[in-house]
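K.L.:
Residue numbers (mature numbering (1 follows the signal peptide of the UniProt record, and there is no 0)): -25 to -1, 1 to 209.
From the three backbone atoms N, C-alpha and C, an ideal C-beta is built for every residue, glycine too.
(1) Does DSSP put residue 48 in a helix, a strand or coil?
(2) Where does residue 168 sit, in a helix, a strand or coil, going by DSSP?
(3) Give me, in chain order, the residues of the same chain whose beta-carbon lies closer than 7 angstroms to that of residue 192; leave out the 5 immediate sequence neighbours on both sides.
(4) How would you write the range of the beta strand (DSSP E) that residue 25 sits in, first residue to last?
(5) Could you check how far apart the C-beta atoms of residue 56 and residue 21 are, in whole angstroms? I think they sit under 8 angstroms.
(6) Would residue 165 and residue 41 qualify as a contact pair, given that the criterion is a beta-carbon distance under 8 angstroms?
(7) Report yes if the CB atom of residue 94 is closer than 8 angstroms to the CB atom of residue 44, and no otherwise.
(8) Give me, in chain order, the residues of the same chain whose beta-carbon lies closer than 6 angstroms to that of residue 72; leave out the 5 immediate sequence neighbours on both sides.
(9) Cα-Cα, which of 88, 59 and 54 is closest to residue 67?
(10) By a C-beta neighbour count over all protein chains shown, 10 Å radius and 16 as the cutoff for buried, is residue 208 buried or exposed?
(11) By alpha-carbon positions, which one of 47, 64, 183 and 161 ends up nearest to residue 54?
(12) Under the rule that 16 or more other beta-carbon atoms within 10 Å means buried, what is residue 91, buried or exposed?
(13) Since residue 74 is in the beta strand (DSSP E), which residue starts that stretch and which ends it?
(14) Apply the 10 Å Cβ neighbour rule to residue 186 and answer buried if 16 or more other Cβ atoms are within range, or exposed otherwise.
(15) Hey, residue 38 and residue 151 are a contact pair by Cβ (cut 8 angstroms); roughly how many whole angstroms apart?
(16) What number of angstroms, rounded off, separates the C-alpha of residue 157 from the C-alpha of residue 204?
(17) Under a Cβ-count criterion, where at least 16 other Cβ atoms within 10 Å of its own Cβ denotes burial, should residue 141 be classed as buried or exposed?
(18) Just checking my contact of residue 12 with residue 99 at CB under 8 angstroms: how many whole Å lie between their CB atoms?
(19) Closer than 8 angstroms by C-beta to residue 75: which residues in its own chain qualify, once you throw out the five before and the five after it? Chain order, please.
(20) When burial is assigned at 16 or more other CB atoms within 10 Å of the CB, is residue 194 buried or exposed?
(21) Give the secondary structure of residue 136 by DSSP, where H, G and I count as helix, E and B as strand, and everything else as coil.
(22) Within its chain, find whatever has a CB closer than 6 angstroms to the CB of residue 51; leave out the 5 residues flanking it on each side and keep chain order.
Listed below in structure tokens is the structure:
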């Protein structure tokens, strides 16, 4: 077990393994499209596990949505079942990676926030793989003579693929929008706090100036007496 892995992520990892097992065994005709938003604490590493078969083409997208008061960057690495790191990112805000599986088994997707000492990162990632086998569109033996059925099956498959790609792009846009909104809200808060500080300083300086000018004009005031004492010392 890796250090820094939150307890609730174990259930999510188990869910990933169950889904991948169903896909690899042919029990699921839906494409593998797994997405998750999670936290990576400062100085910690979070890893997720997914099982793949050989020659599967995998698309991975991830983005850092929020980084507290720090930078929106994180380290990432992809590890094969044999322990080989096939992809590594250092201090990236977002990235996408497509690869063909060469080694069947459970792969690790790890996000490392050791570059940050205080700020927790919010990360969104999505793993996409089209696993359509055509079993749901199999023709009965009596209908195999009809060649047009094959064309209909191909057309439905293309529509399904296009719809899934549209949904995939919409999810990425939604994640980018959330990151930009968090950044804008954080900058808005900083500007308001700094403006309030400047106004407070200006009011304090203005009050001090009024008191000094009024004291210089009043010969009985403490400010005037203090000023005369300083002149005598010179």
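P.N.:
Result, derived from the coordinates:
(1) As a first step, residue 48 is located in the chain shown; it is residue number 73 there, counting from the start. Looking at residue 48 - three-state DSSP - the assignment turns out to be coil, as it is neither helix nor strand.
(2) On the chain shown, residue 168 is found 193 positions in, with the first residue counted as 1. Helix, per DSSP.
(3) As a working mapping, residue 192 is identified with position 217 in the chain shown. Hits under 7 angstroms: none found.
(4) Here residue 25 corresponds to residue number 50 of the chain shown, with the count starting at 1. Where residue 25 is concerned, the enclosing beta strand (DSSP E) stretches over 20 to 27.
(5) Residue 56 sits at position 81 when you count from the first residue of the chain shown. Residue 21 sits at position 46 when you count from the first residue of the chain shown. So it is not a contact: roughly 19 angstroms between Cβ atoms.
(6) If you number the chain shown from 1, residue 165 lands on position 190. If you number the chain shown from 1, residue 41 lands on position 66. Not closer than 8 angstroms, so no.
(7) Here residue 94 refers to the residue found at position 119 of the chain shown. Here residue 44 refers to the residue found at position 69 of the chain shown. Yes, the Cβ-Cβ distance between residue 94 and residue 44 is below 8 angstroms.
(8) The sequence position of residue 72 within the chain shown is 97, counting from 1. Closer than 6 angstroms at the Cβ level, and outside the excluded window around residue 72, lie 35 and 62.
(9) Start at 1 with the first residue of the chain shown, and residue 67 comes out as number 92. Among 88, 59 and 54, the Cα nearest to that of residue 67 belongs to 88.
(10) Working through the chain shown from its first residue, we reach residue 208 at position 233. So residue 208 ends up on the exposed side.
(11) What you label residue 54 is simply residue 79 of the chain shown in a count that begins at 1. Comparing Cα-Cα distances from residue 54 to each of 47, 64, 183 and 161, the minimum goes to 64.
(12) Taking the first residue of the chain shown as 1, we reach residue 91 at position 116. It counts as buried.
(13) Position 99 of the chain shown, counted from the first residue, corresponds to residue 74. Note, residue 74: beta strand (DSSP E), 69 to 75.
(14) Counted from its first residue, the chain shown places residue 186 at position 211. Classification of residue 186: exposed, given that the 10 Å Cβ count is below 16.
(15) Against the chain shown, residue 38 aligns to sequence position 63. Against the chain shown, residue 151 aligns to sequence position 176. At roughly 7 angstroms, the Cβ-Cβ gap stays under 8 angstroms, so residue 38 and residue 151 are in contact.
(16) Reading the chain shown from its first residue, position 182 is the one you call residue 157. Reading the chain shown from its first residue, position 229 is the one you call residue 204. One C-alpha to the other measures close to 57 angstroms.
(17) One-based indexing of the chain shown puts residue 141 at position 166. The residue is exposed, with fewer than 16 neighbouring Cβ atoms inside 10 Å.
(18) The residue you call residue 12 lines up with position 37 of the chain shown. The residue you call residue 99 lines up with position 124 of the chain shown. Right, their Cβ atoms sit about 5 angstroms apart.
(19) To locate residue 75, count along the chain shown from 1; it is residue 100. Hits under 8 angstroms: 30, 31, 32 and 33.
(20) Locating residue 194 in the chain shown gives position 219, where the first residue counts as 1. Exposed, because fewer than 16 other Cβ atoms sit within 10 Å of the Cβ of residue 194.
(21) Counting from one through the chain shown, the residue named residue 136 turns up at place 161. Residue state, collapsed to three classes: helix.
(22) If you number the chain shown from 1, residue 51 lands on position 76. If we look at residue 51 and ignore the five residues flanking it on each side, its Cβ neighbours are 64 and 86.
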